[in-house]
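Take a look at the structure below.
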Amino acid sequence: MLKTKLYALVVALPFVLVSAPSQASEVEEALANICNIVVADDKSELRKKIRIVRSNFRLQLKDYYTGIKCNGNSMIREAVLNNSVEAGTLLVKKMPKKDLSSPEDDGKTLQAWISEQGLADNPIAIALQERI
3 MLKTKLYALV
13 VALPFVLVSA
23 PSQASEVEEA
33 LANICNIVVA
43 DDKSELRKKI
53 RIVRSNFRLQ
63 LKDYYTGIKC
73 NGNSMIREAV
83 LNNSVEAGTL
93 LVKKMPKKDL
103 SSPEDDGKTL
113 QAWISEQGLA
123 DNPIAIALQE
133 RI
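My numbering numbers the first residue of the sequence shown as 3 and each following residue consecutively.
This is the structure we're talking about:
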């Protein structure tokens, strides 16, 4: 019996190892143009992309938000820089409050970065302030 289980494990292991990178590449493919969607301020397409990733891969926005960089910025920062109000506001509403107030890769919070850039009057910044 133990021999049978070991044999099944040895046979199944290569398939498990192959499927994990394959799923990662599928997620990357699904998120490939999300930066373009944010810059284009296409709220409906962004909502659709978030919904597809959630249903196909069981990933929430907070799970992949930090891993996506748009021209070196987070998606919300890129939305602020491009004045993509609809997409940026949607991202602010979808992200958990604690993640919005935590520091990003450069050690600055979104609020600190927005103030530093002089963009405090941006509608996305106002939505962020109201949410936090």
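All C-beta atoms in this analysis are idealised placements derived from N, C-alpha and C, irrespective of residue type, glycine included.
Got a sec? Which residues, its chain only, sit under 8 Å from I134 by beta carbon, not counting five neighbours each side?
Position 132 of the sequence shown, counting from 1, holds the residue named residue 134. So the list reads K99, L102, S103, Q113, once near-sequence residues are dropped.
Can you check DSSP and say which residues form a bridge with C72?
Stepping through the sequence shown from its first residue, residue 72 is reached at position 70. Partner(s): N75.
I need the DSSP call for L121, collapsed to helix, strand or coil.
Here residue 121 refers to the residue found at position 119 of the sequence shown. L121: coil per DSSP, three-state reduction.
Cα-Cα, which of I54, V55, N124, A34 is closest to G90?
Taking the first residue of the sequence shown as 1, we reach residue 90 at position 88. Among I54, V55, N124, A34, the Cα nearest to that of G90 belongs to N124.
Throw me the rounded Cβ distance for the V82 and I116 pair, which I believe falls under 8 Å.
Taking the first residue of the sequence shown as position 1, residue 82 is located at position 80. Taking the first residue of the sequence shown as position 1, residue 116 is located at position 114. Confirmed, about 6 Å.
What is the DSSP secondary structure of G90, reduced to helix, strand or coil?
In the sequence shown, counting from the first residue as 1, residue 90 sits at position 88. In the structure shown, G90 sits in a helix (DSSP, three-state: H, G or I).
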